[in-house]
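Notes to accompany the following structure.
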Ligand SMILES: [Zn+2]
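Numbering (the numbering used here), first residue to last: 13 to 419.
Quick look at the structure:
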């Protein structure tokens, strides 16, 4: 007993001296239960047939089964990590053949999900091309799609989107940290121990500067949002280092919020079986608990005022989920001015904006609840052309810097 009391006393002392400042718990009008739920893992294996080989034993792969229907036709089963789940059926696997041939592969979701991601091909996992749409035939109800592939001795990668796994994102993070005003840090570890990357952008001292928070990939398949975030951050690094922006502002970037989900090829959830973008209330999941703590601790200890939070995602079209005019925030005029500048710069007739009242425990609501900041969910369409995604990332970073420099 005495030992336990002493131990508790020691723990209490140690938490007093080292405990980081953590985020407050927030209540929302539409709460979501984000306590841990079981997931089922796919079997990682090599499927070998007379001519054809198929494998899913690499990060970001998803293939739950593979059978031969006849000499030229095969069926690939694609299943989510658990139910219920948002219908975003991610798939990724590699194929090769002893002899050059044409094969047909049925991507069979058979779980209510509809074919969503246009298949991409790669010879090396780095450079991707879109499979011609004439080589993709959906079933009448879209719960499967047949893809026509030319396979040969060289391995062919087939995936729902370009693969941006934990390793590849880490290489990008490292390359950004080569600039002397960018530092690479860690916000903690995912449930399975993967690093929660953080980049700090600031010229001179961090102290007393207003802050912009940037996050991405709470949802594993949402690569197009990630690509936009990359162009956005690269532009802040390239141009914000010479236009005065990084002297005035500090930027904290968390580019891969769900590294386990990404490397396990999940549809949406983390290894706790939870949609991380509903956990910004009680912080049941370690990824959200640690990133929010990092944000609060970093900004409080450096006397930073968080003015803006951006969360990059993907959906069926480009759209901005913005705060409804009734929501109080530090820079009330920012959103309208920013979207208009982006619209003009990228040459669009209209920009899709969907204002919301922060009813659910999402990151964008949390940026406002925790800091009084403007919180925006920046959505890029699954099929938005990659060149346009980059242009949008560049121009929206320029527009943001112009507006915030004028504050
Ligand atoms: Zn999303």
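Where is the CB? At the ideal position from N, CA and C, for every residue including glycine. Since this is a predicted model, take the numbers as computed values, not measurements.
Neighbourhood of residue i by C-beta distance below 6 angstroms, restricted to the same chain and skipping five residues each side
{"i": "residue 349", "result": "415"}
{"i": "residue 154", "result": "126, 127"}
{"i": "residue 38", "result": "293, 381"}
{"i": "residue 327", "result": "391"}
{"i": "residue 321", "result": "225, 379, 385, 387"}
{"i": "residue 54", "result": "76"}
{"i": "residue 312", "result": "33"}
Residue i Cβ short of 7 angstroms to ligand 1 heavy atom set
{"i": "residue 234", "result": "yes"}
{"i": "residue 364", "result": "no"}
{"i": "residue 289", "result": "yes"}
{"i": "residue 336", "result": "no"}
{"i": "residue 230", "result": "yes"}
{"i": "residue 281", "result": "no"}
{"i": "residue 325", "result": "yes"}
Buried or exposed by the 16-neighbour rule on C-beta atoms within 10 Å, applied to residue i
{"i": "residue 98", "result": "exposed"}
{"i": "residue 30", "result": "Caution applies to residue 30, whose pLDDT of 45 falls short of 50 and renders its modelled position unreliable; the model cannot decide the point."}
{"i": "residue 89", "result": "buried"}
{"i": "residue 50", "result": "exposed"}
{"i": "residue 418", "result": "exposed"}
{"i": "residue 230", "result": "buried"}
{"i": "residue 385", "result": "buried"}
{"i": "residue 185", "result": "buried"}
{"i": "residue 389", "result": "buried"}
{"i": "residue 46", "result": "buried"}
{"i": "residue 95", "result": "exposed"}
{"i": "residue 112", "result": "exposed"}
{"i": "residue 336", "result": "exposed"}
{"i": "residue 52", "result": "exposed"}
{"i": "residue 179", "result": "exposed"}
{"i": "residue 401", "result": "buried"}
{"i": "residue 277", "result": "buried"}
{"i": "residue 235", "result": "buried"}
Beta-carbon contacts of residue i that lie in its chain and below 8 angstroms, excluding the five residues immediately before and after
{"i": "residue 215", "result": "193, 253, 258, 259"}
{"i": "residue 399", "result": "none"}
{"i": "residue 282", "result": "202, 203, 270, 272, 273, 288, 297, 299"}
{"i": "residue 375", "result": "227, 230, 289, 292, 321, 323, 387, 389"}
{"i": "residue 251", "result": "257, 409, 410, 413"}
Cβ-Cβ separation, residue j to residue i (assumed contact under 8 angstroms), whole Å
{"i": "residue 244", "j": "residue 405", "result": "4 angstroms"}
{"i": "residue 355", "j": "residue 271", "result": "Going by Cβ atoms, the distance from residue 355 to residue 271 rounds to 34 angstroms, so no, they are not a contact pair."}
{"i": "residue 306", "j": "residue 220", "result": "Not a contact, Cβ separation roughly 19 angstroms."}
{"i": "residue 60", "j": "residue 118", "result": "The pair is not a contact, with the Cβ atoms about 19 angstroms apart (cut-off 8 angstroms)."}
{"i": "residue 40", "j": "residue 373", "result": "5 angstroms"}
{"i": "residue 300", "j": "residue 266", "result": "Wrong, their Cβ atoms sit about 11 angstroms apart, outside the cutoff."}
{"i": "residue 10", "j": "residue 177", "result": "Because the chain here runs from 13 to 419, residue 10 falls outside it and cannot be looked at."}
{"i": "residue 75", "j": "residue 81", "result": "Not a contact, Cβ separation roughly 16 angstroms."}
{"i": "residue 370", "j": "residue 339", "result": "6 angstroms"}
7 angstroms Cβ shell around residue i - same chain, five flanking residues per side excluded
{"i": "residue 330", "result": "364, 391, 392, 393, 396"}
{"i": "residue 409", "result": "244, 247, 248"}
{"i": "residue 285", "result": "48, 49, 50, 51, 93, 94"}
{"i": "residue 181", "result": "209, 267, 268"}
{"i": "residue 91", "result": "76, 123"}
{"i": "residue 175", "result": "72, 104, 137"}
Residue-chain proximity (residue i, chain C), Cβ-Cβ < 8 angstroms
{"i": "residue 361", "result": "Of the chains in the structure shown, none is chain C; there is only one protein chain."}
Cβ contact check for the stretch 253 to 265 and the stretch 161 to 178: 3 or more pairs under 8 angstroms: no
At least three beta-carbon pairs within less than 8 angstroms, the stretch 138 to 150 to the stretch 105 to 113: no
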